[in-house]
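Below is one structure, written out as structure tokens; comments come after it.
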Amino acid sequence: MTRRQIAPYGAWKSPVTADSISGGSIGFAQVELDGEEVYWLEQGPAEAGRVAIMRRAADGELGEAIPAEFGARSRVHEYGGGAFAVRGGAVWFTNTADQRVWMAEPGSAPRPLTPEGKTRHADFTVDAGRRRLICVCEDHDRDGEPENLLLLVTFDGGLAKLHRGRDFYGAPRLSPDGKRLAWVCWDHPNMPWEGTELWVADLGGDSRLGNERRVAGGPAESIFQPEWSPDGQLHFVSDRTGWWNLYRWTGRGEEAEALCPMEAECGQGFWQFGMATYGFTGDGDTVIAVAERGEWRLCRLPSGENTPHDI
Numbered sequence: 313m314t315r316r317q318i319a320p321y322g323a324w325k326s327p328v329t330a331d332s333i334s335g336g337s338i339g340f341a342q343v344e345l346d347g348e349e350v351y352w353l354e355q356g357p358a359e360a361g362r363v364a365i366m367r368r369a370a371d372g373e374l375g376e377a378i379p380a381e382f383g384a385r386s387r388v389h390e391y392g393g394g395a396f397a398v399r400g401g402a403v404w405f406t407n408t409a410d411q412r413v414w415m416a417e418p419g420s421a422p423r424p425l426t427p428e429g430k431t432r433h434a435d436f437t438v439d440a441g442r443r444r445l446i447c448v449c450e451d452h453d454r455d456g457e458p459e460n461l462l463l464l465v466t467f468d469g470g471l472a473k474l475h476r477g478r479d480f481y482g483a484p485r486l487s488p489d490g491k492r493l494a495w496v497c498w499d500h501p502n503m504p505w506e507g508t509e510l511w512v513a514d515l516g517g518d519s520r521l522g523n524e525r526r527v528a529g530g531p532a533e534s535i536f537q538p539e540w541s542p543d544g545q546l547h548f549v550s551d552r553t554g555w556w557n558l559y560r561w562t563g564r565g566e567e568a569e570a571l572c573p574m575e576a577e578c579g580q581g582f583w584q585f586g587m588a589t590y591g592f593t594g595d596g597d598t599v600i601a602v603a604e605r606g607e608w609r610l611c612r613l614p615s616g617e618n619t620p621h622d623i
């Protein structure tokens, strides 16, 4: 029989420890599809803080996409996120230890694409046809505030500063044909859930932007998750009505249109890179996460309709 113990408030030693609660928990983030393969970030208690990139092959085999001496975690804006991208079996990632961009191709050891230094990288969009990627870069190699910019990185290690001059950047997204780039930017004192701008520009093979234009956003409008649909139309979430709703911009000069206006939230605060609340299906529909009266639900918006249906 266990002997009864009496102790003052706050001095009683609980048999429930932090390890017993969290010892078996595993964290998951940033799910990405590459053909029939699925990739995601995974952090387990036995990894001492390391974040692995996991892969589930088409035949169901599970394994890590990068060696154990590497980890995928970005520190851009400190909150990080958007630490890897995948295309055709190749993986690009921000290595935790040095914050450099690394590339891991099938059958080869990872190799760095950016030099050692005081830069951090996140939120990749891959331009496989031109063997390059675009990401957010945070440069700490100066006194005072770090410089944020959009950086173009070629697969052989070439670098080009694609856009600079704003305090913060996020969500660079390349159109399916590779000819246009969309991105979000904002300035002090705004936070990304208060006032941001969505820009689009033409992008050629010479690594220069042209015909820049603001599509949406401003000091009192927050833009979240710009994405190009497979047919080349730009989608994004805006809170211009007081609710984060989904919009579409076709690029033919007209204003963006609300796809399914509702008094509910289809977005969230842009705390980290890589956050998403909607995606496109292979048959042209859109799947949306909707928050209403404190609860999230998953909906499907059929192509050509403006009423989402619960899944």
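To convert, count from 1 in the sequence shown and add 312; that's the working numbering. Quick reminder that beta carbons are idealized off the backbone N, C-alpha and C, glycines included. Quantities reported herein were computed from a predicted structural model and do not represent experimental measurements.
DSSP three-state label for A358, please.
Here residue 358 is taken as the residue at index 46 of the sequence shown, counted from 1. Helix.
Suppose you measure from the CA of W324 to the CA of I318; what does that come to, to the nearest Å?
Here the question's residue 324 lines up with position 12 in the sequence shown. Here the question's residue 318 lines up with position 6 in the sequence shown. If I take the Cα positions, the gap works out to 8 Å.
Mind reading off the beta-carbon distance from W556 to G579? Whole number of angstroms is fine, and I expect it under 8 Å.
For the purposes of this step, residue 556 is identified with residue 244 of the sequence shown, where counting begins at 1. For the purposes of this step, residue 579 is identified with residue 267 of the sequence shown, where counting begins at 1. Indeed, because the Cβ distance is near 3 Å, the residues count as touching under 8 Å.
Can you tell which of W404, T426, V343, S550 has the C-alpha that lies nearest to the C-alpha of W505?
As a working note, residue 505 is residue 193 in the sequence shown. The shortest Cα separation from W505 among W404, T426, V343, S550 belongs to S550.
Helix, strand or coil for R442? Go by DSSP, reduced to three states.
Within the sequence shown, residue 442 is the residue found at index 130, counting from 1. Per DSSP, reduced to three states, the secondary structure at R442 is helical.
Can you give the Cα-Cα distance for R485 and L461, rounded to whole angstroms?
Within the sequence shown, the letter at position 173 stands for residue 485. Within the sequence shown, the letter at position 149 stands for residue 461. So the alpha carbons of these two residues sit roughly 14 Å apart.
For H433 and T406, believed in contact at Cβ under 8 Å, the rounded distance:
Here residue 406 is taken as the residue at index 94 of the sequence shown, counted from 1. Here residue 433 is taken as the residue at index 121 of the sequence shown, counted from 1. Right, the Cβ-Cβ distance comes to about 5 Å (below 8 Å), so this counts as a contact.
Are the CB atoms of A369 and E354 within a distance shorter than 8 Å?
The count along the sequence shown starts at 1 and reaches residue 354 at position 42. The count along the sequence shown starts at 1 and reaches residue 369 at position 57. Contact flag unset, no.
Nearest-angstrom Cα distance between P620 and E604?
Counted from its first residue, the sequence shown places residue 620 at position 308. Counted from its first residue, the sequence shown places residue 604 at position 292. One C-alpha to the other measures close to 13 Å.
Can you have a look at T562 and say buried or exposed, based on whether 16 or more other CB atoms are within 10 angstroms of its CB?
Residue numbering aside, residue 562 sits at position 250 when the sequence shown is read from its first letter. It counts as exposed.
Of the choices N502, D543, V527, whose alpha-carbon is the least far from that of G581?
Locating residue 581 in the sequence shown gives position 269, where the first residue counts as 1. The option with the nearest alpha carbon to G581 is N502.
Span separating the alpha-carbon of S615 from that of G596:
In the sequence shown, counting from the first residue as 1, residue 615 sits at position 303. In the sequence shown, counting from the first residue as 1, residue 596 sits at position 284. Taking the straight line from one Cα to the other gives about 6 Å.
With burial defined as no fewer than 16 other Cβ atoms inside 10 Å of the residue's Cβ, what is the status of A380: buried or exposed?
Looking up residue 380 in the sequence shown gives position 68. Classification for A380: exposed.
Look at the Cβ atom of V376, then the Cβ atom of M366, and state whether they are nearer than 8 Å.
If you number the sequence shown from 1, residue 376 lands on position 64. If you number the sequence shown from 1, residue 366 lands on position 54. As written in the sequence, residue 376 is Glu, which differs from the Val given in the question. Going by C-beta atoms, E376 is nearer than 8 Å to M366.
Q411 beta carbon less than 8 Å from that of T437:
By 1-based counting over the sequence shown, the position of residue 437 is 125. By 1-based counting over the sequence shown, the position of residue 411 is 99. For T437 and Q411, no; Cβs fall outside 8 Å.
Buried versus exposed, by CB contacts within 10 Å (16 or more), E509:
Translated into the one-based positions of the sequence shown, residue 509 becomes position 197. Buried, since its Cβ has 16 or more Cβ neighbours within 10 Å.
What does a CB cutoff of less than 6 Å around V602 pick up in its chain, not counting 5 residues either side in sequence?
Here residue 602 corresponds to residue number 290 of the sequence shown, with the count starting at 1. For V602, where only same-chain residues beyond five positions count, the Cβ hits under 6 Å are A576, C578, R609, C611.
Chain-order list of residues whose beta-carbon lies under 7 Å from that of D489 (same chain, five-residue window excluded)
Numbered from its first residue, the sequence shown carries residue 489 at position 177. Excluding residues within five positions, the ones whose Cβ falls inside 7 Å are G544.
If you follow the beta strand (DSSP E) that P538 is part of, which residue opens it and which one closes it?
Taking the sequence shown and counting its residues from 1, the one referred to as residue 538 is at position 226. From DSSP, the beta strand (DSSP E) with P538 extends over 535 to 540.
Cβ-Cβ distance between G394 and D435 below 8 Å:
The residue labelled residue 394 in the question sits at position 82 within the sequence shown. The residue labelled residue 435 in the question sits at position 123 within the sequence shown. Yes, they are a contact pair.
First and last residue of the beta strand (DSSP E) that includes W414?
Residue 414 sits at position 102 when you count from the first residue of the sequence shown. Looking at the DSSP string, the run of the beta strand (DSSP E) that includes W414 is 413 to 416.
Compute the Euclidean distance between the alpha carbons of W540 and H547, then round it to the nearest angstrom.
Indexing the sequence shown from 1 puts residue 540 at position 228. Indexing the sequence shown from 1 puts residue 547 at position 235. Distance between the alpha carbons of W540 and H547: 6 Å.
Can you tell me whether DSSP reads H389 as helix, strand or coil?
Here residue 389 corresponds to residue number 77 of the sequence shown, with the count starting at 1. Of the three classes helix, strand and coil, the one that applies to H389 here is coil, per DSSP.
Beta-carbon spacing of V398, D346 below 8 Å:
As a working mapping, residue 398 is identified with position 86 in the sequence shown. As a working mapping, residue 346 is identified with position 34 in the sequence shown. A contact, by the Cβ cut-off of 8 Å.
Considering only the alpha carbon of each residue, which of S534, A364, D451, G372 lies closest to I378?
Residue 378 sits at position 66 when you count from the first residue of the sequence shown. Of the candidates S534, A364, D451, G372, the one whose C-alpha sits nearest the C-alpha of I378 is A364.
D455, buried or exposed, once every other Cβ within 10 Å from all chains shown has been counted against 16:
Locating residue 455 in the sequence shown gives position 143, where the first residue counts as 1. By the Cβ neighbour-count rule, D455 is exposed, with fewer than 16 other Cβ atoms within 10 Å of its own.
To which residues does DSSP link F405 through a beta bridge?
On the sequence shown, position 93 is the one that residue 405 refers to. Note: F405 sits in a beta bridge opposite F396, W414.
Per DSSP, which one or two residues make a beta bridge with G482?
Start at 1 with the first residue of the sequence shown, and residue 482 comes out as number 170. Beta-bridge annotation (DSSP): G482 is paired with V496.
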